[in-house]
Amino acid sequence: MHKAKILAQLKAKHPGVSAAVLELVADKLAQTVTEEAKIDEAITALDNMPISIKDFADTLQKEGDRRVTEAQKKFKEKKAEPKEEDTPPGDNSDSALAKQLKALTDKLDRLEGERLQSDYGQRLARKLTDAKIPAQLAKGRTVTSDDELETVFKEIETDYADMKQTMANQGFGEVPKPGEGQKTEPTKTAVEAGIKDWAARNQPAKEAPVAK
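With our numbering, the residue at position 41 of the sequence shown is 42, and numbering never jumps.
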């Protein structure tokens, strides 16, 4: 968890924003940012969203000021007229504030999901590369946790081994010798070359960027 460092950077970047708002943002980002080097990137991504941290804080401040002004006005009216007044229909400040908080929380959750999927996708690709397994075999798989990363990697590793064995059993890569009706045994190199060729033909299509 990097909440303390995230909060420190948020305070330095947004000195005019209330501590309560920054605490909320830091809590959310701390669940997403797994590396200290990515703190700046995560904060910048938030600032580039349709509703920035400062915009949200300003909205909360205006809402708070409005509620204070309204409360003072009602207090004065009650002193002048003891009869209790009904709350005007549709005037629900708490509901409006809750909706604004939910809007920011939803955006943070979406950013968290996108970042987790991207980070774990890159980690899975590195593990496959290190194991000399075509990364294309991970196509269509979603990973969002350490447990899923290990599980998916093991599944792909098993699938890759099965694929190589199947291709070898089917005589993939065999070349008949001149004058011989029987083919030679496929070599490991031939099988791996065939899989590599298959992987090259099945490159995953690039996904369109998610709209913020």
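Backbone N, C-alpha and C define an ideal beta-carbon position, used for all residues, glycine too.
Simplified DSSP state of residue i, which is helix, strand or coil
{"i": "residue 127", "result": "helix"}
{"i": "residue 37", "result": "helix"}
{"i": "residue 46", "result": "helix"}
{"i": "residue 116", "result": "helix"}
{"i": "residue 132", "result": "coil"}
{"i": "residue 141", "result": "coil"}
{"i": "residue 299", "result": "Nothing can be reported for residue 299: it is not among the residues displayed for the chain, which extend from 2 to 213."}
{"i": "residue 171", "result": "coil"}
{"i": "residue 96", "result": "helix"}
Straight-line gap, residue i to residue j (C-alpha atoms, nearest Å)
{"i": "residue 109", "j": "residue 41", "result": "15 Å"}
{"i": "residue 11", "j": "residue 147", "result": "28 Å"}
{"i": "residue 9", "j": "residue 49", "result": "19 Å"}
{"i": "residue 113", "j": "residue 150", "result": "17 Å"}
{"i": "residue 20", "j": "residue 105", "result": "16 Å"}
{"i": "residue 156", "j": "residue 119", "result": "20 Å"}
{"i": "residue 242", "j": "residue 170", "result": "Lying outside 2 to 213, the shown extent of the chain, residue 242 is not represented and no answer is given."}
{"i": "residue 29", "j": "residue 45", "result": "14 Å"}
{"i": "residue 27", "j": "residue 165", "result": "47 Å"}
{"i": "residue 144", "j": "residue 124", "result": "10 Å"}
{"i": "residue 141", "j": "residue 18", "result": "41 Å"}
{"i": "residue 14", "j": "residue 101", "result": "22 Å"}
{"i": "residue 117", "j": "residue 22", "result": "23 Å"}
{"i": "residue 168", "j": "residue 127", "result": "25 Å"}
{"i": "residue 152", "j": "residue 135", "result": "17 Å"}
{"i": "residue 39", "j": "residue 122", "result": "16 Å"}
{"i": "residue 31", "j": "residue 78", "result": "46 Å"}
{"i": "residue 133", "j": "residue 115", "result": "27 Å"}
{"i": "residue 91", "j": "residue 99", "result": "Note on residue 91: pLDDT 49, under 50, position unreliable in the model; no value is reported."}
{"i": "residue 111", "j": "residue 103", "result": "12 Å"}
Nearest-angstrom beta carbon gap, residue j and residue i [assumed within contact, 8 Å]
{"i": "residue 37", "j": "residue 3", "result": "6 Å"}
{"i": "residue 160", "j": "residue 138", "result": "6 Å"}
{"i": "residue 43", "j": "residue 33", "result": "6 Å"}
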